[in-house]
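Only one structure is covered here, and it is reproduced in the block below.
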Amino acid sequence: MVVFLCSIIIGLALLVWSADKFIDGASSIARYYGLSPLLIGMVIIGFGTSTPELVVSILASLQSNSGIAIGNAYGSNISNIALILGVTSILLPISVNSLVIRKELPILLTISLISIFLLIDLELSRIDAIVLLAIFGGLVYWSIRESIRSSRDSFAQIVNEKIETSSLKKSYFLLCGGLLLLIISSRILVFGAVGLAEAFGVPDLIVGLTVVAVGTSLPEFASSIIAAKKGESDLALGNILGSNLFNSLVVVGGAGLISPIQINREVLNRDIGTMFGVTILLFIFCYGYRKQGRINRIEGTIFVNIYFIYTIYLILW
Numbered sequence: 330m331v332v333f334l335c336s337i338i339i340g341l342a343l344l345v346w347s348a349d350k351f352i353d354g355a356s357s358i359a360r361y362y363g364l365s366p367l368l369i370g371m372v373i374i375g376f377g378t379s380t381p382e383l384v385v386s387i388l389a390s391l392q393s394n395s396g397i398a399i400g401n402a403y404g405s406n407i408s409n410i411a412l413i414l415g416v417t418s419i420l421l422p423i424s425v426n427s428l429v430i431r432k433e434l435p436i437l438l439t440i441s442l443i444s445i446f447l448l449i450d451l452e453l454s455r456i457d458a459i460v461l462l463a464i465f466g467g468l469v470y471w472s473i474r475e476s477i478r479s480s481r482d483s484f485a486q487i488v489n490e491k492i493e494t495s496s497l498k499k500s501y502f503l504l505c506g507g508l509l510l511l512i513i514s515s516r517i518l519v520f521g522a523v524g525l526a527e528a529f530g531v532p533d534l535i536v537g538l539t540v541v542a543v544g545t546s547l548p549e550f551a552s553s554i555i556a557a558k559k560g561e562s563d564l565a566l567g568n569i570l571g572s573n574l575f576n577s578l579v580v581v582g583g584a585g586l587i588s589p590i591q592i593n594r595e596v597l598n599r600d601i602g603t604m605f606g607v608t609i610l611l612f613i614f615c616y617g618y619r620k621q622g623r624i625n626r627i628e629g630t631i632f633v634n635i636y637f638i639y640t641i642y643l644i645l646w
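Numbering (our numbering), first residue to last: 330 to 646.
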């Protein structure tokens with residue numbers, strides 16, 4: 330029991346630390362090659378902070394722990410919006426100004442609907458996984474194309490001047506070293522989570538939806554808080570949107586590609602349904618009514634309450 334608890338604590342700590350270093354390296358390399366702030370914020374940071382979810386789900390799928398693989402992905406999406414964005418907006422209300430964010434919200438809603446459609450037969454087949462990964466590839470292509478359109482020579486020049494003062498080799502070291510530690514820490518985390526679940530007789534799906542999902546979402550929490558403190562509301566929200574897109578497409582798709590997964594009806598109705606519900610609520614809050622959309626403290630409190638009600642339901646039922 331103690332070994333499993335220590336594995337979870339050590340695994341989560343290493344996971345967060347290595348994810349931070351991985352993101353630093355990826356961001357520095359992206360800036361060095363002159364990518365726009367949009368691509369860095371939405372793709373590099375948003376998708377980058379979801380790397381822990383990807384590694385954990387793939388390893389869990391390889392070990393035939395499909396509950397953790399699926400629960401981690403959709404549980405992280407729920408915690409990203411209801412818990413992380415909720416807490417962030419309680420501390421620092423988030424304004425929604427960017428037209429780019431307004432474009433990505435409908436995309437996130439569409440992806441959520443596609444997830445429901447693909448899993449309505451209660452199976453994530455390899456064909457379903459390929460569809461999800463193909464959609465992700467299209468979104469990355471769209472993001473890069475939009476980045477090229479909106480990029481400015483002045484930005485690239487300023488960024489390259491900053492990056493030239495640092496070591497590109499160090500950035501590559503952080504990228505590779507961070508990824509290696511992600512894999513190691515994820516193995517430790519999955520070992521502890523599965524062991525603890527078996528010790529208490531708790532289904533691995535519940536462990537994936539709660540402990541593992543929240544733990545692997547900590548990088549998103551740190552990024553959103555820092556962005557909000559710096560007044561970068563679009564970055565704080567974009568981080569969550571990018572992360573949820575990555576989870577729904579790559580994390581779920583990657584796990585399904587490795588091993589087809591049977592889905593319980595309860596997962597579709599309860600977990601994916603909750604994910605879709607909080608996404609719709611986010612859409613409503615961001616667009617607002619007859620005024621500029623924003624996520625204020627009241628709306629943040631609503632999100633946090635939803636998360637706690639959902640978690641209590643998981644534990645009691």
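Idealized CB from N, CA, C, for every residue including glycine.
Check your understanding: Would GLU652 pass as a contact of ILE413 if the rule is Cβ separation under 9 Å?
Key -> Any property of residue 652 remains undetermined from this structure, which presents the chain solely from 330 to 646.
Practice item. Write down the C-beta distance between ILE339 and ILE517 rounded to the nearest angstrom, noting that I regard them as a contact closer than 8 Å. Key: 6 Å
Check your understanding: Hey, is the segment 413-425 in contact with the segment 554-573, meaning 3+ C-beta pairs nearer than 8 Å?
Key -> yes
Review point. In three-state DSSP terms, what is SER347?
Key: helix
Review point. Pairing CB atoms from the segment 602-617 with CB atoms from the segment 383-392, are three or more of them under 8 Å?
Key: no
Exercise for review: Assign LEU643 to one of three DSSP states: helix, strand, or coil.
Suggested key: helix
Check your understanding: From GLY396, ASP353 and ILE609, pick the residue whose C-alpha is nearest to that of GLU527; which is it?
Key -> GLY396
Point to revise | Closest by C-alpha distance to ALA458, when choosing among SER444, TYR501 and TRP471 | key: SER444
Point to revise | Candidates ILE410, VAL425, ALA463 and ASN394: closest to ILE609 by CA position | key: ILE410
Check your understanding: Between ALA551 and the rest of its own chain, which residues show a CB-CB distance below 8 Å, the 5 nearest in sequence each way excluded?
Key -> VAL345 and ASP349
Practice item. Quick one: grab the DSSP three-state call for ALA342. Key: helix
Check your understanding: Within this structure, are the beta carbons of SER379 and SER405 separated by less than 9 Å?
Key -> yes
Review point. Which class does ILE592 belong to by DSSP, given the choice of helix, strand or coil?
Key: coil
Review point. Thinking C-beta only, is LEU578 closer than 9 Å to LEU462?
Key: yes
**Study point:** Straight-line gap, TYR639 to GLU382 (C-alpha atoms, nearest Å)
**Key:** 20 Å
Point to revise | For LEU438, the three-state DSSP class (helix, strand or coil) | key: helix
Practice item. Can you check DSSP and say which residues form a bridge with ILE649? Key: This structure leaves residue 649 out entirely; the chain is present only between 330 and 646.
Practice item. Along the alpha helix (DSSP H) that carries THR603, what are the first and last residues, could you check? Key: 602-616
Review point. Hey, quick one: how far does the alpha helix (DSSP H) through LYS559 stretch, first residue to last?
Key: Looking at the DSSP string, LYS559 is not in any alpha helix (DSSP H), and its letter there is neither H nor E.
Practice item. Tell whether a beta-carbon distance below 9 Å holds between LYS304 and LEU438. Key: Any answer about residue 304 is impossible in this case: the structure gives the chain only from 330 up to 646.
Exercise for review: Can you grab the Cα-Cα spacing for the pair PHE637 / GLY400, in whole Å?
Suggested key: 16 Å
Review point. Helix, strand or coil for ILE449 per DSSP?
Key: coil
Check your understanding: CB-CB under 6 Å to VAL543, same chain, minus the five flanking residues each way: which ones, in chain order?
Key -> SER408
Exercise for review: Pull up the distance between the alpha-carbon of ILE473 and that of PHE632, whole angstroms please.
Suggested key: 32 Å
**Study point:** LEU643 versus VAL540: straight-line alpha-carbon distance, rounded
**Key:** 12 Å
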